[in-house]
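Visitor:
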Amino acid sequence: MYVLDTCAFLSQKHPDGKLITIPQIKLELKNKQSLQYFSNLNEIGLEIREPSNENLKIVKLNAKKTGDLAVLSDTDLKILAIAHETKSTIVSDDFAIQNVALYMKLKYISCSGKEIKELRKWKYKCSACNFVSMKKYPECTTCGSKDIFRIKAK
Ligand SMILES: [Zn+2]
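This is the structure we're talking about:
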């Protein structure tokens, strides 16, 4: 069973089998071909539904631990949650999705052939005072600077 992220509809590259996705993916498809592809798959059995809130919470907790939560959209989190819920393999080109999947021991493949091989943990560093935090704040909790960037944590 496979959970399809946007790339599967754009590239039309994904394995055959039981397919599932979330309703929000359709809103991310802007061109005719990918929307048509979405409808075609839907007609032949693509399942479209939302994950449970409980599974969404589990995913958020895990994404917080890897430091990916700040860069994941609601759609990304739901893709992960539905994969967790259905024990499916995620089809996504998004490295942050892949990273959280890896951390949660969910299987993933990409549409582009580019996949992360090892877990990345992220921290957030203030470029003004060098304060490092596991969580991303809109401004530095030490000096108030808004210039915060993501760094690899060991
Ligand atoms: Zn600072």
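Its first residue numbered 1, the sequence shown is counted upward by one per residue in the working numbering.
Cβ atoms here follow ideal geometry from the backbone N, Cα and C, with glycine treated the same way.
When we look at the beta-carbon of Ile151 and count the other beta-carbons within 10 Å, is it buried (16 or more) or exposed?
Guide: Mapped onto the sequence shown, residue 151 falls at position 151. Label assigned to Ile151: exposed.
Visitor: Is the closest heavy atom of ligand 1 to the C-beta of Cys140 under 6 Å?
Guide: The sequence position of residue 140 within the sequence shown is 140, counting from 1. True, at least one ligand heavy atom lies under 6 Å from that Cβ.
Visitor: With a 10 Å radius around its C-beta and 16 neighbouring C-beta atoms as the bar for buried, classify Phe149 as buried or exposed.
Guide: Start at 1 with the first residue of the sequence shown, and residue 149 comes out as number 149. Exposed, because fewer than 16 other Cβ atoms sit within 10 Å of the Cβ of Phe149.
Visitor: Closest to Ala29 by C-alpha separation, out of Val132, Asn40, Lys121, Phe9, would be which residue?
Guide: As a position in the sequence shown, residue 29 is number 29, starting the count at 1. In the sequence on display, residue 29 carries Leu and not Ala. Among Val132, Asn40, Lys121, Phe9, the Cα nearest to that of Leu29 is on Phe9.
Visitor: Comparing C-alpha positions only, which one of Asn42, Val100, Leu4 sits nearest to Gly67?
Guide: Translated into positions along the sequence shown, residue 67 becomes position 67. Nearest option by C-alpha distance: Val100.
Visitor: Rounding to the nearest angstrom, what Cα-Cα distance links Asp74 and Lys32 in this structure?
Guide: Counting from one through the sequence shown, the residue named residue 74 turns up at place 74. Counting from one through the sequence shown, the residue named residue 32 turns up at place 32. Rounded to whole angstroms, Asp74 to Lys32 spans 24 Å at the Cα level.
Visitor: Any chance the segment 126–137 sits against the segment 101–111, with 3 or more Cβ pairs inside 8 Å?
Guide: No, the segment 126–137 does not touch the segment 101–111.
Visitor: Whether or not the segment 110–126 and the segment 43–62 are in contact is what I'm after, with contact meaning three or more pairs of Cβ atoms, one per stretch, closer than 8 Å; do they touch?
Guide: Judged by Cβ distances under 8 Å, the segment 43–62 makes no contact with the segment 110–126, as fewer than three pairs qualify.
Visitor: To which residues of the same chain is Ile90 closer than 8 Å at the C-beta, ignoring the five residues directly before and after it?
Guide: For this step, residue 90 is matched to residue 90 along the sequence shown. For Ile90, where only same-chain residues beyond five positions count, the Cβ hits under 8 Å are Tyr2, Val3, Asp5, Ile79, Leu80, Ala83, Ile97, Gln98, Ala101, Leu106, Lys107, Tyr108, Ile109.
Visitor: How long is the line joining the alpha carbons of Leu119 and Tyr37, rounded to whole angstroms?
Guide: If you number the sequence shown from 1, residue 119 lands on position 119. If you number the sequence shown from 1, residue 37 lands on position 37. The alpha-carbon atoms of Leu119 and Tyr37 are separated by roughly 32 Å.
Visitor: Quick check on the DSSP output: the alpha helix (DSSP H) that includes Thr66 runs from which residue to which?
Guide: Numbered from its first residue, the sequence shown carries residue 66 at position 66. Taken as a continuous stretch (DSSP letters only), the alpha helix (DSSP H) holding Thr66 covers 53–66.
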